[in-house]
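See below for the structure under consideration.
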């Protein structure tokens, strides 16, 4: 019974990792849209939003590193204990993490551009 619970816990963590990755991509898409909208309106993005976005960029690195560690952990420990365990969701999350970082970088760039507007 303990083995089945361990497998379920592993699968829950794997699912959560992918959900967080997809949520980050969605949030970055919204922030890119916000940056584009602010540029079109000629408004400035709040400084606090840019500071939060810079922290979010750092989180992307931590998230990616966690995914790599999870893959290594899978091949070292999980695969041998649970033959039916799969790692697809974690690999997909690791592949999509750099995509999310690029979108985050684009969002920061667009939001920073709004701070460069000159009031006449």
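Residue numbers (my numbering): 36 to 155. Even for Gly, the Cβ is constructed at its ideal location relative to N, Cα and C.
Nearest-angstrom Cα separation, counted from residue j out to residue i
{"i": "residue 99", "j": "residue 151", "result": "31 Å"}
{"i": "residue 54", "j": "residue 114", "result": "22 Å"}
{"i": "residue 87", "j": "residue 110", "result": "35 Å"}
{"i": "residue 76", "j": "residue 128", "result": "35 Å"}
{"i": "residue 132", "j": "residue 56", "result": "6 Å"}
{"i": "residue 136", "j": "residue 45", "result": "25 Å"}
{"i": "residue 41", "j": "residue 78", "result": "51 Å"}
{"i": "residue 168", "j": "residue 61", "result": "Residue numbering for the chain in the displayed model covers 36 to 155; residue 168 lies beyond these limits and cannot be assessed."}
{"i": "residue 51", "j": "residue 67", "result": "24 Å"}
{"i": "residue 155", "j": "residue 85", "result": "Summary for residue 155: the model assigns pLDDT 48, below 50, so the residue's position carries little reliability; its value from the coordinates is reported in the next sentence. Residue 155 and residue 85: Cα-Cα distance of roughly 24 Å."}
{"i": "residue 90", "j": "residue 97", "result": "11 Å"}
{"i": "residue 36", "j": "residue 119", "result": "Legend: pLDDT at residue 36 = 42, less than 50; position of this residue unreliable, no value from coordinates given."}
{"i": "residue 117", "j": "residue 39", "result": "9 Å"}
Beta-carbon separation (whole angstroms), residue i vs residue j, contact threshold 8 Å
{"i": "residue 143", "j": "residue 92", "result": "7 Å"}
{"i": "residue 70", "j": "residue 146", "result": "5 Å"}
{"i": "residue 122", "j": "residue 106", "result": "6 Å"}
Min CB distance residue i to chain B below 7 Å
{"i": "residue 104", "result": "Although the question refers to chain B, the structure presented lacks it and comprises just one protein chain."}
Proximity of residue i and residue j at Cβ, strictly below 7 Å
{"i": "residue 83", "j": "residue 73", "result": "no"}
{"i": "residue 49", "j": "residue 124", "result": "yes"}
N- and C-terminal bounds of the alpha helix (DSSP H) containing residue i
{"i": "residue 120", "result": "Premise fails: residue 120 is in no alpha helix (DSSP H) and is neither H nor E."}
Self-check item: Whole runs of the alpha helix (DSSP H) within the segment 74-115, excluding any shorter than 4 residues
Solution: Residue ranges of uninterrupted alpha helix (DSSP H) with 4 or more members, entirely inside the segment 74-115 and ordered along the chain, are 82-108.
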